[in-house]
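One structure is given here, and the rest of the page talks about it.
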Amino acid sequence: MKLIAIALTSAGLLAAAGSASAAVSDVEYLKANRCRGLAASGIATVDTASMDAFIKSEGRTRNAFVTDRGKSEFDKAKREGKTDNTDRKARLVAELNGPCQAYKG
């Protein structure tokens, strides 16, 4: 009987953890804005429709400070992408083609 109780409890905890991880953190929202800024800078050709949809839908649940910070991250990344330094540009393209894939849909 104890085994069944333990199994049900652990299954409940796993279900709760799974639903909690579905929420997008403020940090992920800021990263998505950075990725969108890199895409807007023109360092690589990227379809931004899914990034825009993600940012729009997630922005509805953020407080004003986080959305303002997201705009700052977007602007900063867009400026960074305008660099003439080939090493830096390669790093930014790698970031856009690597971690930013999570926000491309």
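In terms of mature numbering (1 follows the signal peptide of the UniProt record, and there is no 0), the sequence shown is residues -22 to -1, 1 to 83.
From the three backbone atoms N, C-alpha and C, an ideal C-beta is built for every residue, glycine too.
Here the structure is a predicted model, which means the values were calculated and not measured.
Per DSSP, the continuous alpha helix (DSSP H) segment holding Asn11 begins and ends at 4 to 19. Going by beta carbons, Phe43 and Asn11 fall outside the 8 Å limit. Judged by DSSP in its simplified three-state form, Thr39 adopts coil rather than helix or strand.
In this structure, the CA atom of Val71 is about 30 Å from the CA atom of Asn41. Taking 8 Å as the cut-off, the Cβ atoms of Gly76 and Leu16 do not count as close.
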